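Asker: Got a structure for you, written out below as structure tokens; questions coming shortly.
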Amino acid sequence: MTNALFLNRKIFDYFLISVLVVSTTIGLIFLSESLIKPKAEIADIFIDCDQDFRAYDFKGKGTKESPYLIENIHFNSEKQFIIHIRFTTKFFTIRNCILENRENVGIFIYKIAPGSALIENNTFTSEIGINLIKTNDIIIEENIFTDFSYGIKIYLSSNNSIMKNDFSNSLEEDSYFDIIGSCTKIESSQLCNFQYNSCFNSTIGLELYNTEALDIGNNNFTSNKIGITAESALSSNFIDNLFKINKEGFLLINSPYSSLTNNNFISNGLTIDERYFPLYDTYSLKNNFVNDQEIGLFVYEENLTINEPTYGQLIIVLCKNVIIQNQNLDNASNGLYIVETKNIQIINNTCNFNLKCGIYFERSHDNIIINNTISNNLQGLSFTRSNHISIENNMINSNYLGLFFEYANDCNIIGNTINYNIIKAITTSRKCDSFKITYNHFEENIGYAIFISDQLYYIIHHNSFIDNALDKNAQCFDSPYPDLRNFWYDILLEEGNYWSDWDGLDDYILDGGGFVRDRYPLSVPPV
Numbered sequence: 036m037t038n039a040l041f042l043n044r045k046i047f048d049y050f051l052i053s054v055l056v057v058s059t060t061i062g063l064i065f066l067s068e069s070l071i072k073p074k075a076e077i078a079d080i081f082i083d084c085d086q087d088f089r090a091y092d093f094k095g096k097g098t099k100e101s102p103y104l105i106e107n108i109h110f111n112s113e114k115q116f117i118i119h120i121r122f123t124t125k126f127f128t129i130r131n132c133i134l135e136n137r138e139n140v141g142i143f144i145y146k147i148a149p150g151s152a153l154i155e156n157n158t159f160t161s162e163i164g165i166n167l168i169k170t171n172d173i174i175i176e177e178n179i180f181t182d183f184s185y186g187i188k189i190y191l192s193s194n195n196s197i198m199k200n201d202f203s204n205s206l207e208e209d210s211y212f213d214i215i216g217s218c219t220k221i222e223s224s225q226l227c228n229f230q231y232n233s234c235f236n237s238t239i240g241l242e243l244y245n246t247e248a249l250d251i252g253n254n255n256f257t258s259n260k261i262g263i264t265a266e267s268a269l270s271s272n273f274i275d276n277l278f279k280i281n282k283e284g285f286l287l288i289n290s291p292y293s294s295l296t297n298n299n300f301i302s303n304g305l306t307i308d309e310r311y312f313p314l315y316d317t318y319s320l321k322n323n324f325v326n327d328q329e330i331g332l333f334v335y336e337e338n339l340t341i342n343e344p345t346y347g348q349l350i351i352v353l354c355k356n357v358i359i360q361n362q363n364l365d366n367a368s369n370g371l372y373i374v375e376t377k378n379i380q381i382i383n384n385t386c387n388f389n390l391k392c393g394i395y396f397e398r399s400h401d402n403i404i405i406n407n408t409i410s411n412n413l414q415g416l417s418f419t420r421s422n423h424i425s426i427e428n429n430m431i432n433s434n435y436l437g438l439f440f441e442y443a444n445d446c447n448i449i450g451n452t453i454n455y456n457i458i459k460a461i462t463t464s465r466k467c468d469s470f471k472i473t474y475n476h477f478e479e480n481i482g483y484a485i486f487i488s489d490q491l492y493y494i495i496h497h498n499s500f501i502d503n504a505l506d507k508n509a510q511c512f513d514s515p516y517p518d519l520r521n522f523w524y525d526i527l528l529e530e531g532n533y534w535s536d537w538d539g540l541d542d543y544i545l546d547g548g549g550f551v552r553d554r555y556p557l558s559v560p561p562v
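So in my numbering the end of the sequence shown lands on 562, straight run, no missing numbers.
Quick look at the structure:
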């Protein structure tokens with residue numbers, strides 16, 4: 036009898052414990068859901084002064100001596116602004132809310148007291164997630180933004196901190212006239228911090244315009260069209276950011292006194308576009324890497340030789356007497372970017388799979404490019420306002436555009452292999468005169484092998500043209516003006532070029548109106 040009572044008591048104890056465990060678990064589940072899920076639904080909020088917080092019955096403990104807390108609310112409004120707050124002085128926190136409507140601004144804040152707002156742990160699916168105007172010293176952290184035109188938009192607002200937010204899948208509405216789809220845009224503002232954010236699969240990760248003294252650090256920019264674009268972003272620090280597989284990693288325009296330190300680029304790179312060239316010397320680059328190779332910036336250097344395979348991307352500005360050889364300048368923005376430089380030799384390098392140019396020249400003269408491999412770039416070589424250039428024995432293959440020249444004169448293109456380019460192999464435009472193009476091999480370029488537009492004094496002979504521009508009448512194009520004096524043959528030897536589609540009888544007539552022709556086509560490829 037005693038044993039039976041003991042056994043029944045034990046069974047009862049087990050049953051009671053089980054009930055308590057299940058009840059506690061269910062309670063915790065409901066408690067956690069109440070903390071995570073918004074507990075109320077409101078269409079929108081308009082607060083025009085401190086007293087309006089009370090009208091919505093918002094309680095205290097938003098902090099700073101407990102003013103107002105807006106928490107756990109699901110907003111879905113048809114109005115322009117879901118939460119509209121202006122002219123307040125009391126501290127408030129907006130936390131754990133959902134704000135959704137593709138056509139609206141999630142939170143619009145205008146001219147509130149400095150340091151009087153915290154926006155954290157909210158989820159936004161609105162055209163503009165957060166819009167700040169003339170609002171200083173607030174914190175925006177740990178929010179999630181998806182399907183936006185702008186995740187955060189800041190104008191005339193300084194000392195704000197944007198930290199630990201996740202942005203993904205921006206919507207690009209009109210990229211031709213007005214690029215939108217930025218995770219964050221900061222304009223006409225100073226001293227803002229943008230730290231530890233993730234920007235993924237958007238048009239622009241971070242857009243800066245007319246800013247000063249920003250700190251941009253420890254962010255992840257992955258799979259965007261542009262990681263960061265910064266124009267007139269003066270005296271800013273960019274530290275420990277990751278740029279991965281963006282179509283353009285970091286585009287820095289007219290932003291002198293900027294500092295880049297410990298940034299890492301994977302399959303994209305850095306472009307610095309400074310229109311006043313001496314200001315390139317105010318940029319500081321330290322320990323920045325593209326595909327585990329250092330990014331090099333050289334300004335005002337003379338008698339410089341770079342011959343160890345150290346760099347993954349090079350920017351050369353206002354230099355003289357430079358030798359660059361044996362570098363692997365691949366998978367960046369521009370492999371080699373050369374501005375206002377004289378007497379540079381580029382020898383035995385690879386410049387492949389760059390998102391812009393393999394090698395870019397601007398206002399650079401007396402340059403030699405020999406024995407390089409320049410393939411699978413948007414443009415293989417690009418020359419603007421650059422004269423006296425020799426391009427010899429290079430492999431220039433499978434680029435979108437092989438070689439492009441504008442305002443360039445006195446160029447020799449000799450002994451190169453220029454195959455499989457998509458638009459055109461060689462394009463000259465805008466006053467490109469006095470070219471000699473000889474002993475090159477052009478094969479299976481989808482567009483014209485050579486396209487000449489209204490240029491003078493070209494001598495083109497002893498090239499092999501094989502199966503280029505198959506959808507055209509001829510493999511090359513020359514301007515339809517008979518007095519331009521371009522010669523597609525050696526005048527003294529009376530020898531022209533080899534054309535795989537020549538009929539073997541008459542002159543080879545080029546596209547462009549029928550006035551330009553090779554009078555002495557070759558029957559055998561010279562190269």
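All residues carry an ideal CB built from backbone N, CA and C; glycine is no exception.
Please read these numbers as outputs of a predicted model, since none were measured by experiment.
In the DSSP assignment, find the beta strand (DSSP E) that holds Q86 and state where it starts and stops.
Answerer: Careful: Q86 lies outside any beta strand (DSSP E), inside the alpha helix (DSSP H) at Q86 to A90.
Asker: Determine the contact status of L371 and I381, defining contact as a CB-CB distance below 8 Å.
Answerer: yes
Asker: Check this for me: beta carbons of T385 and L364, under 8 Å apart or not?
Answerer: Contact: yes.
Asker: Are the Cβ atoms of K114 and D79 separated by less than 8 Å?
Answerer: In contact: K114 and D79 (Cβ atoms closer than 8 Å).
Asker: Determine the contact status of N369 and E343, defining contact as a CB-CB distance below 8 Å.
Answerer: no
Asker: Classify G539: buried if its beta carbon has 16 or more other beta carbons within 10 angstroms, exposed otherwise.
Answerer: exposed
Asker: In whole angstroms, what separates the C-alpha of V57 from that of N156?
Answerer: Per-residue confidence for V57 stands at a pLDDT of 40, beneath the threshold of 50, marking its modelled position as unreliable; the derived number appears in the next sentence. Going by the C-alpha atoms only, they are around 30 Å apart.
Asker: Could you check whether K169 and Y145 sit closer than 8 Å to each other, using their CB atoms as the reference points?
Answerer: yes
Asker: Measure from the alpha carbon of L191 to the alpha carbon of each residue in C392, L416 and I147, then state which is nearest.
Answerer: When each option's Cα is compared against that of L191, the closest is I147.
Asker: Please determine if the stretch 436–445 and the stretch 494–508 are in contact, where contact requires at least 3 C-beta pairs separated by less than 8 Å.
Answerer: no
Asker: Which of the three DSSP states, helix, strand or coil, is assigned to Y315?
Answerer: Shown here, Y315 sits in a helix according to DSSP, grouped into three states.
Asker: Below 6 Å CB to CB, which residues in the same chain sit around N253 once its five sequence neighbours on both sides are set aside?
Answerer: Q230, Y231 and D275
Asker: Quick check on the DSSP output: the beta strand (DSSP E) that includes A148 runs from which residue to which?
Answerer: It is not in any beta strand (DSSP E) - A148 carries neither H nor E in the DSSP assignment.
Asker: Can you tell me the Cα-Cα spacing of S433 and E329, whole angstroms?
Answerer: Near 26 Å, if we compare the C-alpha coordinates of E329 and S433.
Asker: Looking only at DSSP bridge pairs, what is N228 linked to?
Answerer: S196 and D250, per the DSSP bridge assignment.
Asker: Using a Cβ-Cβ cutoff of less than 6 Å, which residues in the same chain neighbour I359 once the five nearest sequence positions on both sides are dropped?
Answerer: I341 and I381
Asker: Excluding the five sequence neighbours on either side, which residues of its own chain have a C-beta within less than 7 Å of the C-beta of I61, listed in chain order?
Answerer: Only weak support exists for where I61 lies, its pLDDT of 43 falling under 50; the coordinates are left without a value.
Asker: Less than 7 Å between the CB of F93 and some heavy atom of the ligand NAP, yes or no?
Answerer: As for the ligand NAP, it is missing from this structure, which has no ligand bound.
Asker: Our contact map puts I424 next to C446 with C-beta atoms below 8 Å; I'd like the distance itself, whole angstroms only.
Answerer: 5 Å
Asker: Who are the Cβ neighbours of I173 in its own chain at under 6 Å, not counting the five residues just before and after it?
Answerer: A152 and N195
Asker: Reducing DSSP to helix, strand and coil, say where C476 ends up.
Answerer: Looking at the sequence shown, residue 476 is not Cys but His. H476: strand per DSSP, three-state reduction.
Asker: Using 8 Å as the threshold, is the C-beta distance between S217 and T246 below it?
Answerer: no
Asker: Please state the DSSP three-state secondary structure of V357.
Answerer: DSSP places V357 in strand when its eight states are reduced to three.
Asker: Give me, in chain order, the residues of the same chain whose beta-carbon lies closer than 6 Å to that of T452; leave out the 5 immediate sequence neighbours on both sides.
Answerer: Once the five neighbours on either side are set aside, the close Cβ partners of T452 are M430 and H476.
Asker: Extract the residue ranges of the beta strand (DSSP E) inside the stretch 88–167, only unbroken runs of 3 or more that lie entirely within it.
Answerer: 103–106, 108–110, 116–121, 127–130, 133–145 and 152–155
Asker: Can you tell me which of the three DSSP states T345 falls into?
Answerer: coil
Asker: On the criterion of 16 or more Cβ atoms from any shown chain inside 10 Å, does P556 qualify as buried, or is it exposed?
Answerer: buried
Asker: Helix or strand or just coil, what does DSSP make of T576?
Answerer: As shown, the chain starts at 36 and ends at 562. That puts residue 576 outside it, with no answer to give.
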